[in-house]
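Just so you know, we're using UniProt numbering here: the sequence shown kicks off at 1 and counts up by one.
Where is the CB? At the ideal position from N, CA and C, for every residue including glycine.
Everything numeric in this text was worked out from a predicted model, so none of it was measured.
In what follows, a single structure is set out as structure tokens and then discussed.
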Amino acid sequence: MAAPALALASDAAAAPPALQVEGVTLSYAVDDRTVTAVEDVSLEIRRGERLVLLGPSGCGKSSLLKSIGGFLPPASGRVLLDGRPVSRPGPDRMMVLQDFEQLLPWLTVRRNLVAALSWARRTRRAEAEAIADDMLQRVGLARVADQYPSTLSGGMKQRVAIARALALRPEVLLMDEPFAALDAMTRRRMQEELLALCEETGVTTIFVTHAIDEAIVVGSRIVVMTAHPGRIRAVIDLPGGRGPDRGDPAFAALEARIGGLIADQIGRAEAEAVDG
């Protein structure tokens with residue numbers, strides 16, 4: 001299998017972008033100095049794409065995700081959704097975090113989805129319940145609809161959080177290391193379930209991870225970021241919108257290739273820190 005190209009695919013370029021990140025720089029104050037988390041990042045994310053932001057811890061990938069979500073305004077540059085500037089959070093961009101406790105503990109699983117629909121979309125009760133039941137069926141959790149979050153495993157809580165986000169029919173699903181705290185077997189199962197849901201719903205997905213194997217499994221395109229500050233090091237387009245199977249030698253080759261890119265950037269960042 002040929003190595004994926006470090007470029008956008010021509011068929012993807014033919015479709016209009018759902019999201020545009022134009023020259024975004026993100027900074028924050030630490031004591032009496034300003035720290036730049038992300039510097040001059042530009043991206044176009046196509047409708048229905050699964051874009052993975054991959055890089056070492058502290059490279060600004062989560063900050064960039066929050067900016068796309070409207071939670072963190074850029075110091076410079078802008079984010080556009082369907083050509084409109086993003087200035088605040090909205091139900092057209094839903095976020096799923098790695099924290100298992102993002103559900104409302106006093107509501108049942110079904111009521112967590114119904115409450116979100118009622119608040120964000122002003123959906124009537126009967127319709128909201130029908131949507132909630134349909135989405136819980138899709139993620140295989142119809143049997144726990146009347147249970148409370150405290151009775152669920154970590155993996156089940158994450159499936160509920162994903163179901164709640166997708167129930168709102170967002171244009172963009174933002175995922176910040178949602179499977180990081182799961183055990184290896186549950187994590188693999190969740191990755192496959194996410195792929196199936198994304199393909200079924202067609203939702204545009206931006207997924208943050210520092211795990212190279214997860215990026216290959218989940219993504220249709222991988223953005224490798226540099227460390228301190230976060231810039232784009234490489235964009236890897238996966239042919240056919242899917243990475244190779246885990247058992248394919250091409251998987252190991254791609255994993256090693258991406259690992260080399262990240263190791264090179266970490267080495268440079270450490271050398272610069274010593275010189276500084």
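Report the partner residues of Phe-207 according to the DSSP bridge assignment.
-> For the purposes of this step, residue 207 is taken as the residue at position 207 of the sequence shown. According to DSSP, Phe-207 bridges with Val-52 and Met-175.
Would you tell me roughly how many angstroms separate the C-alpha atoms of Ala-227 and Pro-105, rounded to the nearest one?
-> Stepping through the sequence shown from its first residue, residue 227 is reached at position 227. Stepping through the sequence shown from its first residue, residue 105 is reached at position 105. CA-CA distance, Ala-227 to Pro-105, rounds to 37 Å.
Sort out for me which residues DSSP pairs Glu-22 with in a bridge.
-> Along the sequence shown, read from residue 1 onward, the residue named residue 22 stands at position 22. Partner(s): Arg-78.
Proximity winner among Ser-62, Glu-49 and Ile-216, relative to Val-250 (alpha-carbon distances) = Along the sequence shown, read from residue 1 onward, the residue named residue 250 stands at position 250. Note that residue 250 is Ala in the sequence shown here, rather than Val. Of the candidates Ser-62, Glu-49 and Ile-216, the one whose C-alpha sits nearest the C-alpha of Ala-250 is Ile-216.
Gly-219 - DSSP class collapsed to helix/strand/coil = As a working note, residue 219 is residue 219 in the sequence shown. Three-state DSSP puts Gly-219 in coil, outside helix and strand.
Secondary structure of Ala-126, DSSP reduced to three states = As a position in the sequence shown, residue 126 is number 126, starting the count at 1. Correct three-state label for Ala-126: helix.
By a C-beta neighbour count over all protein chains shown, 10 Å radius and 16 as the cutoff for buried, is Gln-137 buried or exposed?
-> Taking the sequence shown and counting its residues from 1, one reaches residue 137 at position 137. Answer is exposed; the Cβ neighbour count stays below 16.
Measure the C-alpha to C-alpha separation of Asp-40 and Glu-200 and round it to an integer number of angstroms.
-> Taking the sequence shown and counting its residues from 1, one reaches residue 40 at position 40. Taking the sequence shown and counting its residues from 1, one reaches residue 200 at position 200. If I take the Cα positions, the gap works out to 34 Å.
Could you spell out the range, first to last residue, of the alpha helix (DSSP H) harbouring Thr-186?
-> Here the question's residue 186 lines up with position 186 in the sequence shown. Segment 184-201, the alpha helix (DSSP H) holding Thr-186.
Straight-line Cα distance separating Val-35 from Pro-16 | Looking up residue 16 in the sequence shown gives position 16. Looking up residue 35 in the sequence shown gives position 35. Each residue's Cα considered, the two are about 34 Å apart.
Please confirm whether Glu-127 and Leu-80 have their CB atoms less than 8 Å apart.
-> By one-based count along the sequence shown, residue 127 stands at place 127. By one-based count along the sequence shown, residue 80 stands at place 80. No, these two residues do not count as a Cβ contact at 8 Å.
Proximity winner among Glu-44, Ser-27, Ser-76 and Arg-33, relative to Gly-58 (alpha-carbon distances) = What you label residue 58 is simply residue 58 of the sequence shown in a count that begins at 1. The shortest Cα separation from Gly-58 among Glu-44, Ser-27, Ser-76 and Arg-33 belongs to Ser-27.
Reduced DSSP secondary structure (H/G/I, E/B, other) of Gln-265 = Locating residue 265 in the sequence shown gives position 265, counting from the first residue. The answer is helix: DSSP assigns Gln-265 an H, G or I state.
Opposite Leu-43 in the DSSP bridges: which residues?
-> By 1-based counting over the sequence shown, the position of residue 43 is 43. DSSP, once it has assigned bridges, lists Val-21 as partnering Leu-43.
For the alpha helix (DSSP H) that contains Val-160, what are its first and last residues?
-> Along the sequence shown, one-based indexing puts residue 160 at 160. Residues 154-167.
Of all the options Ala-130, Arg-93 and Leu-182, which has the alpha carbon lying nearest to the alpha carbon of His-18?
-> Walking along the sequence shown from the start, residue 18 turns up at place 18. The residue you asked about is not His; residue 18 is Ala in the sequence shown. Of the listed residues, the one whose Cα sits closest to Ala-18 is Arg-93.
Can you give me the Cβ contacts of Val-208 inside the same chain, cut-off strictly under 6 Å, excluding the 5 residues immediately before and after it?
-> On the sequence shown, residue 208 is found 208 positions in, with the first residue counted as 1. Within the same chain, Val-208 has close Cβ partners Leu-53, Lys-61, Ser-62, Leu-65, Asp-176 and Glu-177.
What does Val-35 pair with, by DSSP beta-bridge criteria?
-> Looking up residue 35 in the sequence shown gives position 35. DSSP lists Tyr-28 as the beta-bridge partner residues of Val-35.
So, do the segment 82-100 and the segment 158-173 have three or more beta carbon pairs nearer to each other than 8 Å?
-> yes
Is it true that the CB of Leu-168 sits closer than 8 Å to the CB of Arg-121?
-> To locate residue 121, count along the sequence shown from 1; it is residue 121. To locate residue 168, count along the sequence shown from 1; it is residue 168. It is a contact, given that the beta carbons lie within the stated cut-off.
Mind checking which residues open and close the beta strand (DSSP E) that includes Ala-234?
-> Numbered from 1 along the sequence shown, position 234 holds the residue referred to as residue 234. Looking at the DSSP string, the run of the beta strand (DSSP E) that includes Ala-234 is 232-237.
Thr-204 burial status per 10 Å Cβ neighbour count (16 or more: buried) | Position 204 of the sequence shown, counted from the first residue, corresponds to residue 204. It is buried - the Cβ of Thr-204 has at least 16 other Cβ atoms within 10 Å.
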